[in-house]
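Using my numbering, the final residue of the sequence shown is 298, and nothing's skipped along the way. The C-beta atom is built at its ideal place from N, Cα and C for all residues, glycine as well. Take a look at the structure below.
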Amino acid sequence: MWKVQHVGKVKTEQIKRVAKELMTKFPSKFSSNFDENKRAVDELTEGTTTRVRNQIAGYIASTLSQSDEEDFSEDSEEAETEE
Numbered sequence: 216m217w218k219v220q221h222v223g224k225v226k227t228e229q230i231k232r233v234a235k236e237l238m239t240k241f242p243s244k245f246s247s248n249f250d251e252n253k254r255a256v257d258e259l260t261e262g263t264t265t266r267v268r269n270q271i272a273g274y275i276a277s278t279l280s281q282s283d284e285e286d287f288s289e290d291s292e293e294a295e296t297e298e
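So this is what it looks like as structure tokens:
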């Protein structure tokens, strides 16, 4: 039999929901830096395990870094069309 390993970033709906809720309520507390997000999530949530806290902080960091990359690519495309 073949063993299939799933490789990828799979987050539970609960992690995504909590992360989106925190980003909506406290947008200035988060950045694309995982360690800063980890401290912010620890301050803002009660009773989360280390693993859940890290998953939430990682999801926020990856979401914000993706939006930063999209903003950068949009800015560079606009600069190219202006020339």
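Residues near residue 283 in its chain [Cβ-Cβ closer than 8 Å; skip 5 each side]
247
Residue 267 versus residue 279: straight-line alpha-carbon distance, rounded:
18 Å
Over the uninterrupted alpha helix (DSSP H) stretch that includes residue 252, give me the two end residues.
249-259
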